[in-house]
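These notes concern the structure reproduced below.
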Amino acid sequence: MPFKLSRALLRSTDKWRTRLLPDIVSKDKSSENYSNASAMAANLPPEILLLVFGVLPTEPIYDSWPRWPVSPKDLTSAALVCRSWRLPATAVLYRVIEVKTIRELKLLTAAVLKYPHLKPLIKSLFLPLRFQAVCPPIVVVQYQLLLTLLTDLDEVSYQINENCVTERPVIGESSQRNRNSELRFLGLAGCTTQPFNLPPVYAFFPNLRCLHLTGFKLCERLDPDTTPPLLRLEEITVQVDNCFGLLDDWLCTLPNLRTICVAAMPSQPIAPTKVLQMNRITHLELVVCRTETTYAGTWLGVSNSLRILSITADVFNSSFPEFPMELDHLKIWTVRYIELKMDHFIEYIKSGPMIRTLTIIKDTHADYFVTVESVVQKYCKQGGTNLVILSENCGCKDCLQAKEGAIVEKKKASTSGFLHTAASVAGRSMGRRKPRRIMSPEESEIARWEAAETWAVEY
């Protein structure tokens, strides 16, 4: 997971601050600083530790986009192990940051203002997105304050307000140099209740390789005669907005576009037929676009260049038997409440499609798949298809509650004695509890925005 801000780490940064650069760690620490360390690792130079931390196992955020390495989950406490670990661990931890609340956003902004040496460490920044609610102006101000401070971003995602759509995205504005013009990934969220126009990202971020639009509700066709192309763009993702018909002409002007992703639609989205017919698109993702209408002739079967297809089960169910028979990689998610029709799928596998790798990702609720798993394995082996079956939580409320419940039970078992003591102390102090503070109008607006759902389609 991306690094979560820690007050303890920020305090340690105050004591051990140094002029860190993205690829260089200061060597000014003398050997006596580490004399009390007993472990062998404590005596390693920071440069070696930085390399070690950089190759630890990581968790990717997304499937299809090659990102900066995400900070390992077990590394968040590494900065507190011993003195020699603090600087290199801090450099790795700040590389990718996910901010989920405005409180965390303010904490990060304060840290960057107080410790300027943290700025060049932050490469990927993912800010809160609540695209089913209008982003409050106070939140936009907080975004702008932080984004203006950072000048070395490689990836960023944030939500915009309808009043700021025509303004320049304030990422790394500087009178001397704007290094964020080299930004590779940009994720922008609008609001599903209001129409938007696409901000002029093509003018300010010409080197974008991946553009992710969420909840924009585009209302105008993007005219290629007045909209310059993003010459290096390789991937575009649209979530919760049926706008590919408006983008189609402009997408045809992007020479390096190879991947199109669409997600979270209540019905089949309009296909960008023109760009698909140009036989450039090699990777297509269609995820949770609820429909009973076949995709054949719209999204599927139009391009002869398609090699990788990632879908949820509803796409296969509605398109069989008119389904691609030759792919390098077919990935199918069996999301909860969207079950794969196994009789049709087995018939498809028996027909001998030329698929090098078949990946089936089944959630914990897909019990129906267990009974036919051996049959699928049999026909994949006969056809020379490499079969990969993965099982994971679907992210529904039941899975999250079960996971949280297991964590709570584990904590109860390990701290029962402490809880009894704390409960008795709390019982004696109940009568002296302070009155609850009343939130200001701005705080109430932020609280309502943070409470908005982040995913528009229920499984």
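Final position of the sequence shown in my numbering is 1059; the numbers increase by one with none missing. All C-beta atoms, glycine included, are put in the ideal place defined by N, C-alpha and C.
Determine the DSSP secondary structure at residue i, reduced to helix, strand or coil.
i, result
"Pro989", "Sequence check: residue 989 is Ile here, not Pro. Strand, per DSSP."
"Thr701", "coil"
"Ile870", "coil"
"Trp933", "strand"
"Gly815", "coil"
"Gln839", "strand"
"Met1039", "coil"
"Cys810", "strand"
"Val888", "strand"
"Leu788", "strand"
"Glu1050", "helix"
"Leu798", "coil"
"Asp823", "coil"
"Cys861", "strand"
"Thr959", "strand"
If residue i and residue j are in contact, beta carbons under 8 Å, what's the gap, nearest whole angstrom?
i, j, result
"Leu786", "Leu818", "Not really, about 16 Å apart at Cβ, beyond 8 Å."
"Val734", "Asn761", "7 Å"
"Pro921", "Cys889", "Rounded, the Cβ-Cβ distance is 20 Å, inconsistent with contact."
"Leu909", "Leu930", "5 Å"
"Thr912", "Val935", "5 Å"
"Glu926", "Ile961", "Contact flag wrong, Cβ pair sits at about 22 Å."
"Pro736", "Glu1045", "5 Å"
"Cys852", "Thr837", "Contact flag wrong, Cβ pair sits at about 18 Å."
"Ala871", "Gln839", "Not confirmed; about 16 Å, so no contact."
"Leu705", "Leu750", "13 Å between Cβ atoms; not a contact."
"Ala803", "Pro828", "7 Å"
"Cys791", "Phe731", "6 Å"
"Lys570", "Asp848", "Residue 570 is absent from the model: the chain starts at 601 and stops at 1059."
"Leu886", "Leu906", "Contact doesn't hold; Cβ gap of about 12 Å is too wide."
"Ala1052", "Met1039", "With 8 Å as the limit, Ala1052 and Met1039 do not qualify as a contact, their Cβ atoms being about 17 Å apart."
"Glu1050", "Thr701", "6 Å"
From the options, pick the residue whose C-alpha is nearest to that of residue i; which is it?
i, options, result
"Arg695", "Pro716, Arg936, Glu704, Pro720", "Pro720"
"Trp933", "Thr837, Pro1041, Leu990", "Leu990"
"Trp850", "Val862, Thr898, Thr826", "Thr826"
"Pro855", "Leu876, Ala864, Cys843, Asn842", "Leu876"
"Val902", "Gln794, Pro828, Ile881", "Ile881"
"Gly815", "Leu753, Tyr895, Tyr758, Glu1043", "Tyr758"
"Pro924", "Val988, Ser951, Asp754", "Ser951"
"Phe945", "Asp967, Ser919, Tyr937", "Ser919"
"Met865", "Leu745, Leu753, Asp841, Lys874", "Asp841"
"Asn917", "Ser905, Glu892, Ser724", "Glu892"
"Leu783", "Leu725, Asp754, Arg821, Arg832", "Asp754"
"Leu798", "Leu906, Asn986, Phe805, Leu822", "Leu822"
"Thr697", "Leu713, Ile722, Asn879", "Reading off the sequence, residue 697 comes out as Ile, not Thr. Checked all of Leu713, Ile722, Asn879; the closest Cα to Ile697 is Ile722."
"Thr898", "Phe844, Asp943, Leu857", "Phe844"
"Gly983", "Thr964, Asp943, Met878, Ile949", "Ile949"
"Pro806", "Pro824, Gln794, Leu833, Phe796", "Leu833"
"Asn879", "Tyr895, Lys714, Thr859", "Thr859"
"Thr971", "Thr985, Thr957, Asn904, Met942", "Met942"
"Asp928", "Asn904, Ala710, Tyr937", "Asn904"
"Val756", "Val699, Pro953, Val712", "Val699"
"Arg956", "Gln977, Thr985, Leu857, Lys981", "Thr985"
"Glu947", "Tyr979, Ala710, Lys714, Leu708", "Tyr979"
"Ser724", "Asn780, Leu830, Val740, Leu713", "Asn780"
"Thr690", "Leu857, Val975, Leu718", "Leu718"
"Met954", "Ser974, Lys981, Ile938", "Lys981"
If we cut at 7 Å on Cβ distances, does residue i have a partner in chain B?
i, result
"Ile881", "No chain B appears in the structure shown, which is made up of a single protein chain."
Is residue i near the ligand NAP - that is, is its Cβ less than 6 Å away from at least one heavy atom of it?
i, result
"Thr891", "In terms of ligand content, the structure shown is empty, and the ligand NAP therefore cannot be addressed."
Practice task
List in chain order: all unbroken beta strand (DSSP E) runs of 3+ residues lying wholly within the stretch 692-761.
Solution key: Qualifying beta strand (DSSP E) stretches, in chain order: 696-698, 724-726, 755-759.
Handout entry: Length at least 3, wholly inside the stretch 891-956: the beta strand (DSSP E) runs in chain order
Key = With a minimum length of 3 residues, the continuous beta strand (DSSP E) runs that stay inside the stretch 891-956 are 908-912, 926-934.
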